[in-house]
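Numbering (my numbering), first residue to last: 47 to 347. Some notes on the structure that comes next.
And the structure:
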């Protein structure tokens, strides 16, 4: 059976097509990601240009699904479509033009799928780990070990939100960094409370922004789909990126062109969470919400 997941994030629309194997594993047939930036004009409304970019992308994805003769497809919408006033209009336009039904998932559902995806890549043990999934509109945090999810919450502190509210100057000003950190302190109080209740040994990041760190450093592998970052080298890189102008960031080969604008707030967010947790190690999972949804689809097939 051939399965497909379309993950319609605030910044990026992802498509992954896999074939179920006899042993229950997946053989990847196709993968594509396109930067759409639905929140370019603000998280409360999808602007005209992002609206059309998103529609064009999904129409392209619909043709790819036909080419691969996909048996079952799920399309999920997250933060931007949950909060945008014209999110329902976008969902209806996708239905009419591409014939795809988008399922809106809330923050709790998103966290569930993220954990289910990450556990396929990361070797969980008896120690608790903090999973961090950075999106454009929201960031999901999950505290879990091998046997149990102890706490999970979604916060409206995604990259597009932080960028639009705090990165007004180039390079970002110290005063803007201070305002961003104060905002995170206010928003993440329940995360701090959870960390006080549950001691975590690792921070586990999922793809996206964390991939920039993997590209920058020589990493070791915990498994085929999980990298270990050299945490002692991160502070200097955080400083390098956050002090650089957009032109200077564009000359850093480890930063993809579509991430040049928002990477500063992404690094500041990771730095803040690292300080909050005090963990000695960061893992980066190749799997996230998409693989969690695929696992559920396979189970139900």
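A virtual CB, placed ideally from N, CA and C, is assigned to each residue, including glycine. Note that the structure is predicted; figures quoted are calculated from it, not measured.
Subject >> With 16 other Cβ atoms within 10 Å as the buried cut-off, status of residue 70 >> reply: As a first step, residue 70 must be located in the chain shown, where it is residue number 24. Looking at its Cβ environment, which holds fewer than 16 other Cβ atoms inside 10 Å, residue 70 is exposed.
Original post:
So, helix, strand or coil for residue 257, using DSSP?
Top reply: Reading the chain shown from its first residue, position 211 is the one you call residue 257. Looking at residue 257 - three-state DSSP - the assignment turns out to be helix.
**OP:** Compare the C-alpha of residue 65 against each of 299, 49, 55 and name the closest.
**Re:** Within the chain shown, the letter at position 19 stands for residue 65. Of the listed residues, the one whose Cα sits closest to residue 65 is 49.
Original post:
Hey, is the segment 200-211 in contact with the segment 97-114, meaning 3+ C-beta pairs nearer than 8 Å?
Top reply: Touching, no.
**OP:** Pick helix, strand or coil for residue 187, following the three-state DSSP scheme.
**Re:** What you label residue 187 is simply residue 141 of the chain shown in a count that begins at 1. Of the three classes helix, strand and coil, the one that applies to residue 187 here is strand, per DSSP.
**OP:** Apply the 10 Å Cβ neighbour rule to residue 134 and answer buried if 16 or more other Cβ atoms are within range, or exposed otherwise.
**Re:** Within the chain shown, residue 134 is the residue found at index 88, counting from 1. Exposed is the call here.
**OP:** Within the same chain, show all residues whose beta-carbon is closer than 7 Å to that of residue 314, passing over the 5 residues directly before and after it, in chain order.
**Re:** Position 268 of the chain shown, counted from the start, is the residue given in the question as residue 314. Once the five neighbours on either side are set aside, the close Cβ partners of residue 314 are 223, 226, 288.
Subject >> Same chain, Cβ closer than 8 Å to residue 322, five either side skipped, listed in chain order >> reply: Counting from 1 along the chain shown, the entry for residue 322 is found at position 276. Result list for residue 322: 234, 237, 238, 241, in chain order.
Subject >> Separation of residue 171 from residue 230, as counted between CA atoms >> reply: The sequence position of residue 230 within the chain shown is 184, counting from 1. The sequence position of residue 171 within the chain shown is 125, counting from 1. Distance between the alpha carbons of residue 230 and residue 171: 30 Å.
Original post:
Per DSSP, residue 195 forms a beta bridge with which residues?
Top reply: In the chain shown, counting from the first residue as 1, residue 195 sits at position 149. Its beta-bridge partners are 190.
Subject >> Segment contact, 8 Å Cβ cut-off, at least three pairs: the segment 194-208 with the segment 51-61 >> reply: Because the criterion of three Cβ pairs below 8 Å is met, the segment 194-208 and the segment 51-61 touch.
Original post:
Which one or two residues does DSSP pair with residue 45 in a beta bridge?
Top reply: Nothing about residue 45 can be reported from this structure: the residues present for the chain run from 47 to 347 only.
**OP:** Compute the beta-carbon to beta-carbon distance between residue 129 and residue 89, rounded to the nearest angstrom, for a pair I have assumed lies under 8 Å.
**Re:** By 1-based counting over the chain shown, the position of residue 129 is 83. By 1-based counting over the chain shown, the position of residue 89 is 43. At roughly 6 Å, the Cβ-Cβ gap stays under 8 Å, so residue 129 and residue 89 are in contact.
**OP:** State whether the segment 96-113 contacts the segment 137-148, with contact taken as three or more CB pairs (one from each stretch) at a distance under 8 Å.
**Re:** Between the segment 96-113 and the segment 137-148 there are three or more inter-stretch CB-CB distances shorter than 8 Å, so the stretches are counted as touching.
**OP:** Apply the 10 Å Cβ neighbour rule to residue 252 and answer buried if 16 or more other Cβ atoms are within range, or exposed otherwise.
**Re:** In the chain shown, residue 252 corresponds to position 206, counting from 1. It is buried - the Cβ of residue 252 has at least 16 other Cβ atoms within 10 Å.
Subject >> Exposure of residue 232, with buried meaning 16 or more beta-carbon neighbours within 10 Å >> reply: Reading the chain shown from its first residue, position 186 is the one you call residue 232. Residue 232 should be labelled exposed.
Subject >> Minimum C-alpha distance to residue 173 - residue among 94, 245, 145 >> reply: Numbered from its first residue, the chain shown carries residue 173 at position 127. The residue with the shortest Cα to Cα distance from residue 173 is 245.
Original post:
For residue 228, which of 318, 293, 52 has the nearest alpha-carbon?
Top reply: Position 182 of the chain shown, counted from the start, is the residue given in the question as residue 228. Answer by Cα proximity: 318.
Original post:
For residue 324, which option in 281, 247, 257 has the closest C-alpha, if you only look at C-alpha atoms?
Top reply: As a first step, residue 324 is located in the chain shown; it is residue number 278 there, counting from the start. Taking only the C-alpha atoms, the option nearest residue 324 is 247.
**OP:** Determine, using beta carbons only, whether residue 146 and residue 127 come nearer to each other than 7 Å.
**Re:** Here residue 146 is taken as the residue at index 100 of the chain shown, counted from 1. Here residue 127 is taken as the residue at index 81 of the chain shown, counted from 1. Cβ atoms of residue 146 and residue 127: not closer than 7 Å.
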